[in-house]
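K.L.:
Take this structure first; my questions come after.
There are 2 protein chains.
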Amino acid sequence: MKLNAKFIDIDSAEPEILLNGQDAAAIGLKENDRINISGTRNVVAIVNISDTLVPRGEIFMPDGLMALCGVSNGEQVDVTYSEKPDSVRSIRRKMDGEVLTTSEISSIVNDIYESKLSKIEISAWLTALYINGMNIDEIADFTMAIAETGEIIRFNRSPVFDFHSLGGIPGNKITPIVVSIVAAAGIMIPKLSSRAISSACGTSDFVETFCDVEIDAENLKKVAEDVGGVFAWGGGMNLAPVDDIVINIEHPLGINPKAQMMASIMAKKVAVGATHLVLDIPTGKGTKVPTIEEAKSYARDFMDLGEKLGIRVECAITYADQPVGNAVGPILEARECIRILEGQDHPASVIEKACDIAGIILDMADIPGGSVKARDILKSGEAHRKFLEIVEAQGGNPDLKSEDLVPGKYSLDVISTKSGYIHNIHNKDIVYIAKTAGAPSDKGAGLMIHLKKGQRVEEGQPLFTIYAENETKLKRAREAAMRSPPMDIEGMLIKRVSSAGIRRCAG
Amino acid sequence: MKLNAKFIDIDSAEPEILLNGQDAAAIGLKENDRINISGTRNVVAIVNISDTLVPRGEIFMPDGLMALCGVSNGEQVDVTYSEKPDSVRSIRRKMDGEVLTTSEISSIVNDIYESKLSKIEISAWLTALYINGMNIDEIADFTMAIAETGEIIRFNRSPVFDFHSLGGIPGNKITPIVVSIVAAAGIMIPKLSSRAISSACGTSDFVETFCDVEIDAENLKKVAEDVGGVFAWGGGMNLAPVDDIVINIEHPLGINPKAQMMASIMAKKVAVGATHLVLDIPTGKGTKVPTIEEAKSYARDFMDLGEKLGIRVECAITYADQPVGNAVGPILEARECIRILEGQDHPASVIEKACDIAGIILDMADIPGGSVKARDILKSGEAHRKFLEIVEAQGGNPDLKSEDLVPGKYSLDVISTKSGYIHNIHNKDIVYIAKTAGAPSDKGAGLMIHLKKGQRVEEGQPLFTIYAENETKLKRAREAAMRSPPMDIEGMLIKRVSSAGIRRCAG
Chain X
493 MKLNAKFIDI
503 DSAEPEILLN
513 GQDAAAIGLK
523 ENDRINISGT
533 RNVVAIVNIS
543 DTLVPRGEIF
553 MPDGLMALCG
563 VSNGEQVDVT
573 YSEKPDSVRS
583 IRRKMDGEVL
593 TTSEISSIVN
603 DIYESKLSKI
613 EISAWLTALY
623 INGMNIDEIA
633 DFTMAIAETG
643 EIIRFNRSPV
653 FDFHSLGGIP
663 GNKITPIVVS
673 IVAAAGIMIP
683 KLSSRAISSA
693 CGTSDFVETF
703 CDVEIDAENL
713 KKVAEDVGGV
723 FAWGGGMNLA
733 PVDDIVINIE
743 HPLGINPKAQ
753 MMASIMAKKV
763 AVGATHLVLD
773 IPTGKGTKVP
783 TIEEAKSYAR
793 DFMDLGEKLG
803 IRVECAITYA
813 DQPVGNAVGP
823 ILEARECIRI
833 LEGQDHPASV
843 IEKACDIAGI
853 ILDMADIPGG
863 SVKARDILKS
873 GEAHRKFLEI
883 VEAQGGNPDL
893 KSEDLVPGKY
903 SLDVISTKSG
913 YIHNIHNKDI
923 VYIAKTAGAP
933 SDKGAGLMIH
943 LKKGQRVEEG
953 QPLFTIYAEN
963 ETKLKRAREA
973 AMRSPPMDIE
983 GMLIKRVSSA
993 GIRRCAG
Chain D
493 MKLNAKFIDI
503 DSAEPEILLN
513 GQDAAAIGLK
523 ENDRINISGT
533 RNVVAIVNIS
543 DTLVPRGEIF
553 MPDGLMALCG
563 VSNGEQVDVT
573 YSEKPDSVRS
583 IRRKMDGEVL
593 TTSEISSIVN
603 DIYESKLSKI
613 EISAWLTALY
623 INGMNIDEIA
633 DFTMAIAETG
643 EIIRFNRSPV
653 FDFHSLGGIP
663 GNKITPIVVS
673 IVAAAGIMIP
683 KLSSRAISSA
693 CGTSDFVETF
703 CDVEIDAENL
713 KKVAEDVGGV
723 FAWGGGMNLA
733 PVDDIVINIE
743 HPLGINPKAQ
753 MMASIMAKKV
763 AVGATHLVLD
773 IPTGKGTKVP
783 TIEEAKSYAR
793 DFMDLGEKLG
803 IRVECAITYA
813 DQPVGNAVGP
823 ILEARECIRI
833 LEGQDHPASV
843 IEKACDIAGI
853 ILDMADIPGG
863 SVKARDILKS
873 GEAHRKFLEI
883 VEAQGGNPDL
893 KSEDLVPGKY
903 SLDVISTKSG
913 YIHNIHNKDI
923 VYIAKTAGAP
933 SDKGAGLMIH
943 LKKGQRVEEG
953 QPLFTIYAEN
963 ETKLKRAREA
973 AMRSPPMDIE
983 GMLIKRVSSA
993 GIRRCAG
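Protein chains in written order, with our numbering: chain X, 493 to 999; chain D, 493 to 999.
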């Protein structure tokens, strides 16, 4: 059928067009069917129907699709029914519990990436994946297909080490420490991190308070090969880009099918050319992996998958029932991280976790001494020197000092109203308060936690300090702390002690 | 966040709006999240993001949503994050293989009906239903929830009989015959039918060639109570309207989960107040139910479900490996149907099927004689008199004769190029040819099949005649018959014998 193309000012992940219902019926189309639109070029789009908005004889197309199709507003296009892509049949096969072939998996991934599958179809795919899962061979195929939607970096040095943490745990600021120790030992580790999605502060959110994190693939290669270590943001590098589309469908469903999760993580490692990977599996209530048994099962699966992909994987199961260290929020975390590199010997939880992970990497690289050696490199100042080298290579100040990092000038202490022991710290509430204070977009916002689980607190002693960049957000964060007290000590009241002014807190 | 509402000219089944990415991030929103929009009233909508199209500070809303929200173009609204409805959690529970409660099922159905669930969520729901299924109690709850989204008709007469065919089989023109026989025996049977979705001719498509099918609920009651029988269209009566939304999501996935299929069918029976139902289960290659074993399993499930719903269900398993009778297409089917009511004794397959179904209904109503009695009512002319009564009550001509129905004036015979026996008739190809000829929208288009399975054919003898309302469509249908020969006799060639003019064919 010949129709006149009209521009509509909407753009979506899926190429949708609007037809009048009678035209649709005449072509034999129903809503969510596909059509071929022939202008100068052919494009495929998903049909939406509106009798009230679209006059007969017209097709409403978004501008991106018009450009692809090579037509201008008002020009005629030819519209015909288009078969579903073969990948829809493969999605059906996964619904039926079948094992998919390499080429089926690759078709599904490519069709998602090229917008050939609709939201409805991607949702069905993820649901089938969630319920019926994949075997390790399928996940390996899935990983490669995802990696191949984007750039794959090839280093001139080998081996390429990497590490990755499975779960969001607040205050997990170990990345620059691990990278600095490992690179100081002569191992290349081009570590890419993410920004916060639902957390208060991703690694890139605090690293960018003292150097650039948005470097391109070429620069990543150069810094890694020259200096040995990188702590950059992976989001700007077109690595496994299909993931961004998938996340937008997973998110509203609140699911992250295991096969998808494993393939997404490993695809980024394939894309960055990793030969060795240490996987940190934070385990505990409120994390993705609540029990040690599940953590062990994840560890086995990732190691098997690594073998299929030619990446040597070792796993560290870590406890995640309270924040790592004391600082939560970009500048606060950066300061705590750099203080440790400068030689400060606490908080112990950060130092231990960083040295344990670095130790496993040294073991894998056949450097004797493991975590003891890692601690030596940290204590001797070698890690600090390497850290400043990397900071400089990423465009930061080579004379950077922890004091340069100053948190938000509005702060208040939350005081304990009774004496007792800290039973519990709720990660979710800590994140909620820090986000309410403005983190991660307000770099100075966040929390300093003064007491950790099992420690004694006396009545009137500060439990934690909230920082914010303006008074309104500080007030809101205080209210958030009242609504969702993050610490259990047999009751807690919020009392404002200092209203403004910079306060220094021991980390 | 305060934003200025701007109108966009698109409307969709789900209430979608467009935000600028930076505004979305500031509110903490991702694509496909929900927001509350407060104008004069509150509405909930699904977030789409476009940086290029939407300036910061604006929200693009479809006009329907603006009206619901009580704002005009350019007015300010307040936008905040909105939690997912509880039904999303219930969908997750079905993904996890759990049994849902009555209220969970009712929430899901209502949220679909009220556009509170997005396409992504409905797709996940249908996929979970396809994979994990429902037990009979859940399906009964599901049926009631679907029925309650629309009107429920209450008759002053009881019992209310109904029958339903599970599968699309071409040429299945028995409805007016069954209804006329049964109503002539004094049983009330307000039968609602559908139009073709993917077939060449639904019951309503051929019935409307000789009387009105679009009657409202009040008229349906009146005609059924006065005359005893109705053969009308169910689509205009707001019965179980949520189904229309669901079908639009099932269709692109090519799935029809058994629980959804059973609940949709039975919801329409609940809505029409049926107390007794005969279910025809067409069984054979190329139908929904390929084997007798599966047909028996469907029969058991429908009878169990009927018991839960207080509807007495009996099932007829019928063969569906070739068209019923000889005519396919609206006017051709109407003519064949009325000829049988007028006393013509063939095609036998139509008469047998109609009398068998009517016989089961007579049995259920404790009228002795079953299908023999049904045949008597047909032969005696009682069914024909009742048929004309119903036709008149539905606004048709009380002196209607089969000769009044004249098929398309363009026709051609397809001739056998060899002698032999008819092995096979492919329903799908028959439908394809009839649709290509213009059925069901061209009322005169379709096929007359001259030989059925097992019959002997001689070289040069016509196999079937194609009818169309214009020469172009006739030509296309001829090409369709060449591409997809619908009969197997060890090869077949297409030859055009008569190019135009009305041709009479024995039924």
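Built from N, CA and C at the ideal position, the CB exists for glycine as well.
Of all the CB atoms in chain X, is at least one closer than 8 Å to the CB of N740/D?
P.N.:
yes
K.L.:
Please report whether the beta-carbon of L745/D lies at a distance below 8 Å from any beta-carbon of chain X.
P.N.:
yes
K.L.:
Nearest-angstrom Cα distance between T779/D and V805/D?
P.N.:
21 Å
K.L.:
How many angstroms separate the CA atom of M754/D from the CA atom of T775/X?
P.N.:
44 Å
K.L.:
Taking the alpha-carbon of R526/D as reference, which of E613/D, A677/D and G746/D has the nearest alpha-carbon?
P.N.:
E613/D
K.L.:
Please decide whether N512/D counts as near chain X, where near means a Cβ-Cβ distance under 8 Å.
P.N.:
no
K.L.:
Measuring only between beta-carbons, confirm whether N624/X sits less than 8 Å from chain D.
P.N.:
By this cut-off, N624/X is an interface position.
K.L.:
Just reading off the beta strand (DSSP E) that L939/X is part of, what are its end residues?
P.N.:
G938 to I941
K.L.:
By DSSP's criteria, H915/X is part of a beta bridge. Which residues make up the other side?
P.N.:
Note: H915/X sits in no beta bridge, so no partner.
K.L.:
Measuring only the C-alpha atoms, how far is E825/D from F698/D?
P.N.:
6 Å
K.L.:
For the beta strand (DSSP E) that contains M680/X, what are its first and last residues?
P.N.:
Looking at the DSSP string, M680/X is not in any beta strand (DSSP E), and its letter there is neither H nor E.
K.L.:
Roughly how many angstroms separate the alpha carbons of G727/D and S686/D, rounded to a whole number?
P.N.:
7 Å
K.L.:
Could you tell me the boundaries of the alpha helix (DSSP H) in which F655/D lies?
P.N.:
Not the alpha helix (DSSP H): F655/D falls in the beta strand (DSSP E), residues F653 to S657.
K.L.:
Taking DSSP as the reference, what is the three-state secondary structure of N534/X?
P.N.:
strand
K.L.:
What would DSSP say about R975/X, mapped onto helix, strand or coil?
P.N.:
helix
K.L.:
Closer than 8 Å, CB to CB, is T619/X near chain D or not?
P.N.:
True, the Cβ-Cβ gap to chain D drops below 8 Å.
K.L.:
Which residues does DSSP list as the beta-bridge partners of T957/D?
P.N.:
D905/D and M940/D
K.L.:
Could you tell me the distance, in whole angstroms, from the CA atom of K777/X to the CA atom of E590/D?
P.N.:
23 Å
K.L.:
Taking Cβ positions, are A751/X and M626/X nearer each other than 8 Å?
P.N.:
Against a cut-off of 8 Å, the Cβ pair of M626/X and A751/X comes out as a contact.
K.L.:
With 8 Å set as the bound, which would you pick, yes or no: does the beta-carbon of I597/D sit closer than that to a beta-carbon of chain X?
P.N.:
no
K.L.:
In angstroms, rounded to a whole number, what distance separates the CA positions of N512/D and T572/D?
P.N.:
14 Å
K.L.:
Kindly list the residues whose CB is nearer than 6 Å to the CB of A1000/D, restricted to its own chain and excluding five residues on each side of it in sequence; keep chain order.
P.N.:
Absent from the structure is residue 1000/D, since the part of chain D shown begins at 493 and ends at 999.
K.L.:
Within its chain, find whatever has a CB closer than 7 Å to the CB of F956/D; leave out the 5 residues flanking it on each side and keep chain order.
P.N.:
V906, L939, M940, I941 and H942
K.L.:
Which class does H743/D belong to by DSSP, given the choice of helix, strand or coil?
P.N.:
Three-state result, H743/D: helix.
K.L.:
Taking C-alpha atoms, which residue in R975/X, A885/X and M979/X lies nearest to S908/X?
P.N.:
M979/X
K.L.:
So with Cβ pairs under 8 Å, would you call S615/X a contact of chain D?
P.N.:
yes
K.L.:
To the nearest angstrom, report how far apart N711/D and N730/D are at their CA atoms.
P.N.:
Approximately 14 Å between the Cα atoms of the pair.
K.L.:
Please classify G720/X as buried or exposed, where buried requires at least 16 other C-beta atoms within 10 Å of its C-beta.
P.N.:
buried
K.L.:
Does any C-beta atom of chain X lie closer than 8 Å to the C-beta of V536/D?
P.N.:
Cβ-Cβ to chain X under 8 Å: no for V536/D.
K.L.:
State yes or no: is the C-beta of L904/X within less than 8 Å of the C-beta of I981/X?
P.N.:
No, Cβ-Cβ distance for L904/X and I981/X is not below 8 Å.
K.L.:
Given a cut-off of 8 Å on the beta-carbon distance, is the pair P682/X and A716/X in contact?
P.N.:
Against a cut-off of 8 Å, the Cβ pair of A716/X and P682/X comes out as a contact.
K.L.:
Which partner residues does H768/D have in the DSSP bridge list?
P.N.:
F653/D and R804/D
K.L.:
Please name the residue, chosen from E575/D, E523/D, H656/D and S595/D, that lies closest to I852/D on a Cα-to-Cα basis.
P.N.:
H656/D
K.L.:
Closer than 9 Å by beta-carbon distance: list the chain D residues that pair up with M753/X, in chain order.
P.N.:
Simply none; closest approach about 15 Å.
K.L.:
What three-state label does DSSP hand M626/D in the structure shown?
P.N.:
coil
K.L.:
Since I believe I538/X is in contact with S610/X (beta carbons under 8 Å), could you give me their beta-carbon distance rounded to a whole number of angstroms?
P.N.:
With a contact defined as Cβ atoms closer than 8 Å, S610/X and I538/X qualify at about 5 Å.
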